[in-house]
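Participant:
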Amino acid sequence: MSGVDFLNLLIAALLLAGVYAAMSVGMTIIYGVMKIVNLAHAGVLMLGAYFVYELYDRWAIDPLLGVVLAFPVFFLFGIGLHRALIRRLPPSDQPTLASLLLLFGLWLVLQNLGYLIWGNADRAILTPRTLSVLHLGPITLPAVRLVVFGGAVAALAALELILHRTWFGRAVRALMQNRDAGRLAGVDVEGTARVAFGMGIAFAGAAGGMLAMLYSFSPDFGSPFLLRAFVIIVLGGLESFAGVAAGALILALLETFSIQVLPAGYQPAIAFSLLVVALAVLPEGLAGLWNRRRRFT
Amino acid sequence: MSRPTRRPVKKLTCILIASALAAGVAASLLAQADSASIAVGVVLPISGREAKPGQYQREGVELAIHEINQAGGIFVKKLGKKVPVREVFYDDGSDQAKSSGLVERAMTADGVIAVLGGYSTALGEAESVMPDRYQTPWITTGAAASTIFSRGYQWIFGTLSPTDLLGFTTAEFLGGLVDRGKLHKGLKLALALENTDHGVDYEKGIEKWNHAHPGYFTVVFSEKFDLGSPDFSGLLQKVKTAHADIFLADAHLQDYITMHRQYVQTGMYHQMISYGARGPEADARKALGDATNYIFAGIWWSDKLPYPQVKQFVTRYKAFTGHAPDSWYPATAYDAMRALAVAIERAGSLDKTAIRDQLRTVELKDSLLPGQVLRFGKNGQISTAFVIVQNQPGNRVEIVFPKDAATGDAIAPSPKPH
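Read top to bottom, the protein sequences are chains L and Y.
The numbering of the first sequence is our numbering, which starts it at 6 and goes up by one.
The numbering of the second sequence is our numbering, which starts it at 518 and goes up by one.
1. Would you mind giving the Cβ-Cβ distance between I905 of chain Y and V917 of chain Y, rounded to the nearest angstrom? I have them listed as a contact below 8 Å.
2. Mind checking if T197 of chain L is an interface residue toward chain Y, Cβ cutoff 7 Å exclusive?
3. Relative to the C-alpha of I812 of chain Y, which candidate in Y:T713, Y:K721, Y:A927 and Y:Q782 has its C-alpha closest?
4. Using a Cβ cut-off of 7 Å, which residues of the stretch 268-279 of chain L contact any Cβ in chain Y, in chain order?
5. Which residues share a DSSP beta bridge with A804 of chain Y?
6. Evaluate the contact criterion for the stretch 643-658 of chain Y versus the stretch 715-725 of chain Y: three or more CB pairs, one atom per stretch, below 8 Å.
7. Given that V138 of chain L touches chain Y, what residues does it touch there, using C-beta distances under 7 Å?
8. Starting from the beta carbon of T664 of chain Y, find every residue of chain L whose beta carbon is closer than 9 Å, and list them in chain order.
9. Leaving out five residues before and five after L704 of chain Y in sequence, what residues of the same chain have Cβ atoms less than 6 Å from its Cβ?
10. Compare the Cα-Cα distances from F738 of chain Y to each of Y:P919, Y:T758 and Y:E567 and report the closest residue.
11. Could you tell me whether any Cβ in chain L is nearer than 7 Å to the Cβ of F742 of chain Y?
12. Could you check if K741 of chain Y is buried or exposed, using at least 16 other CB atoms within 10 Å of its CB as the buried criterion?
13. Taking Y651 of chain Y as the reference, give the member of Y:I774, Y:E621, Y:S667 and Y:Q782 with the closest Cα.
14. Assess contact between the stretch 22-38 of chain L and the stretch 153-168 of chain L, defined as three or more Cβ pairs (one per stretch) separated by less than 8 Å. Is contact present?
15. Grab me the residues of E576 of chain Y's own chain with a C-beta within less than 6 Å of its C-beta, minus the 5 sequence neighbours each way, in chain order.
16. Please list, in chain order, all residues of the same chain as V194 of chain L whose beta carbon is under 7 Å from its beta carbon, the five residues on each side excluded.
17. Decide if the stretch 769-779 of chain Y is in contact with the stretch 747-757 of chain Y; the criterion is three or more beta carbon pairs, one per stretch, under 8 Å apart.
18. Helix, strand or coil, according to DSSP, for P147 of chain L in the structure here?
19. Compare the C-alpha of M789 of chain Y against each of Y:G571, Y:A556, Y:S900 and Y:A688 and name the closest.
20. Against chain L, with Cβ distances strictly below 7 Å, would D868 of chain Y count as a contact?
21. With distances taken from CA atoms, which of L:D98, L:L136, L:L44 and L:I35 is nearest K803 of chain Y?
22. Which of the three DSSP states, helix, strand or coil, is assigned to L903 of chain Y?
23. Under the three-state reduction of DSSP, which class applies to D649 of chain Y: helix, strand or coil?
24. In chain order, which continuous runs of the alpha helix (DSSP H) of length 4 or greater are located wholly inside the stretch 13-70 of chain L?
25. Between Y:L770, Y:L682, Y:L710 and Y:L744, which lies nearest to N727 of chain Y when the distance is taken from Cα to Cα?
26. If contact is defined by three or more beta carbon pairs under 8 Å, each pair taking one atom from either stretch, is the stretch 593-607 of chain Y in contact with the stretch 860-869 of chain Y?
27. Sort Y:K702, Y:L744, Y:A581 and Y:L561 by Cα distance to A660 of chain Y and report the nearest one.
28. To the nearest angstrom, how far is the alpha carbon of V695 of chain Y from that of A211 of chain L?
29. Please list, in chain order, the chain L residues whose beta carbon lies closer than 7 Å to that of G806 of chain Y.
30. Do the CB positions of L166 of chain L and G241 of chain L come within less than 7 Å of each other?
31. Would L60 of chain L count as contacting chain Y if we go by Cβ distances under 7 Å?
32. Looking only at its own chain, which residues have a Cβ that is under 6 Å from the Cβ of T638 of chain Y, when we skip the five neighbours before and after it?
33. Specify the secondary structure class of T924 of chain Y as computed by DSSP and reduced to three states.
34. Report yes or no: do the stretch 256-269 of chain L and the stretch 50-68 of chain L share at least 3 C-beta pairs separated by less than 8 Å?
35. With a Cβ-Cβ cutoff of 7 Å, do V605 of chain Y and A623 of chain Y count as a contact?
36. Do we get a CB-CB distance below 7 Å when we pair L21 of chain L with the residues of chain Y?
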């Protein structure tokens with residue numbers, strides 16, 4: 006493989022990491038604050054994709070603007086879901102069977118709602134940006150992947166800002182560390198959880214919109230991403246946003262480069278193997294490893 | 518200690534006996550219903566990843582049933598009358614386990630005389646174990662892998678020609694372009710194949726033609742990929758590194774769209790490019806626009822085939838569904854139902870063995886498929902020719918091979934994108 010090929014592949018992996026990070030952030034927020042594994046994540050990705058598609062198809066709204074609009078809309082949707090369903094779950098410091106079943110059921114409902122509204126046709130968003138490529142000498146950069154990468158970086162940066170510069174962010178971090186201690190320190194647990202759930206859904210919806218710029222989709226959309234999101238957040242640490250970025254990068258690099266030596270058919274096995282290794286060797290993820298190292302130095 | 522358990526056991530026995538009696542009554546009612554209509558099971562995916570082709574196939578079957586019933590039904594000699602066909606439809610959600618379970622249900626609980634379905638090799642494979650177990654004819658309308666038909670099953674039939682023939686015809690078409698001077702001899706092929714029997718068969722067909730025609734092409738890269746992958750950049754990089762002249766992939770619709778988007782985004786170019794049986798679909802055009810131009814596909818049927826029955830079918834299909842047939846999907850399903858109807862009529866009864874025996878010798882002489890005659894081979898699968906179509910500028914899809922069915926000339930090599 007030439008140096009240019011290697012560089013192109015590295016860039017492809019970085020851009021793929023952006024896609025993976027974008028789709029995993031929402032799940033991490035929800036788990037971090039509420040200890041709920043959002044199995045409906047794929048359903049929300051799918052709704053986000055259709056939301057951006059409809060804006061583009063009906064009113065020619067640029068998909069990028071659609072993604073921005075998806076944030077408030079899906080935030081409200083998340084708040085609504087929390088009020089209607091999630092708050093009825095018993096509070097727990099561990100994921101409960103009730104929450105898993107509820108959110109799995111919600112995923113099925115969203116999927117079938119998708120079939121009811123949009124039918125089973127494959128949809129895709131085709132803009133002049135979709136197939137355009139930027140050339141930097143011998144290096145090629147697919148414009149739309151670059152946009153998604155930028156979106157993912159912006160989402161992670163915004164999240165870091167919110168978490169470290171606002172009262173709400175401090176409350177979220179407090180709940181991530183210890184729910185009861187947070188309550189004793191005066192954190193409104195219920196309110197913070199509601200807003201955090203709304204944010205998680207907002208990020209998932211916006212990520213779905215970004216994915217719609219890359220892939221064709223149907224109401225069944227999202228399942229392969231759900232598995233990868235699991236791998237990323239387990240690898241990164243279930244409550245760490247920097248860990249999500251690192252996990253996404255590792256998975257993307259491994260998937261992209263390993264199939265240069267392995268047959269491409271083994272690509273899904275790479276994600277599964279990484280999940281097993283992460284659970285066995287790094288149960289607290291990269292964030293846990295990082296925290297341990299910091300404690301010892 | 519054993520006494521307290523006796524009463525529940527008695528109750529359970531009573532419930533079982535009552536259930537058996539109820540089942541008997543239901544079966545006799547079903548038998549009575551049998552003379553009023555002929556139940557045909559249809560198990561196809563109209564949700565999940567194969568929903569779109571599954572829906573088109575369902576429409577093909579339903580159009581055939583509609584036409585049969587409009588003519589009064591199928592004449593069953595033993596009953597001395599025409600009997601309408603009743604469809605028992607199940608959506609398998611593109612799920613293998615569900616698919617075989619639903620075929621089993623149709624063959625046992627619903628008392629159908631035959632089952633049609635099994636779109637895609639993976640779902641067809643799962644369904645194919647049921648027909649011999651329940652001695653009920655099964656016609657797959659959308660599974661082509663030869664492995665399904667090489668296990669010695671006696672109750673299975675298929676209206677898709679085998680995938681190795683698709684690979685063979687693809688290579689034959691390219692070889693023809695070499696003979697005509699449109700492509701050079703000795704070109705290098707790169708193959709990217711879905712990780713299923715479909716992909717294996719496709720490769721076998723290409724190898725078979727290459728073996729018989731040495732010097733035309735050399736396969737310099739061949740690798741399988743997983744269905745539904747979100748990223749093909751690594752695979753495409755390997756294809757790029759292979760420096761092939763022709764890129765042949767065997768892919769499902771979603772993978773075709775994702776892979777070709779990335780293919781274009783990475784600025785790749787090959788003299789000829791194909792995604793197996795995928796290429797002319799309207800959804801692909803919507804998702805890829807002009808980037809689908811010059812892609813060629815080997816398909817089982819085209820609405821441009823110059824047969825009068827094809828023209829009539831297209832008109833009736835449009836009137837029935839409100840849209841034009843997309844690719845080959847409805848045609849093989851339509852012919853499967855018509856072949857079954859002919860077999861039932863020739864059997865003269867609703868006896869499944871008699872129907873199976875008639876299916877083995879049935880000849881549908883106004884078939885929509887290339888060659889116009891549908892007959893099942895010894896293994897149950899048909900082997901009609903494939904047609905090669907090419908997407909051309911201006912949203913045109915032309916049949917470019919074989920010559921006697923061609924509606925246009927192949928553009929080869931594909932022009933380099935600007």
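Heads up, the beta-carbon is just placed ideally off N, CA and C, and yes, glycines get one too.
Facilitator: Checking against the coordinates, here is how it stands:
1. 5 Å
2. no
3. Y:A927
4. P268, A269, G270, Q272 and P273
5. According to DSSP, A804 of chain Y bridges with nothing at all.
6. no
7. Q782 and G784
8. Within chain L, no residue comes near T664 of chain Y; the closest Cβ sits about 17 Å away, beyond 9 Å.
9. F734, D762 and I763
10. Y:T758
11. yes
12. buried
13. Y:E621
14. yes
15. T838 and P847
16. L180, R184, G187 and R188
17. yes
18. strand
19. Y:A688
20. no
21. L:L136
22. Position check: residue 903 of chain Y holds Phe in this sequence, whereas Leu was assumed. DSSP places F903 of chain Y in coil when its eight states are reduced to three.
23. helix
24. 46-64
25. Y:L682
26. yes
27. Y:L561
28. 49 Å
29. L131
30. no
31. no
32. A660, A662, T713, D714 and H715
33. coil
34. no
35. yes
36. yes
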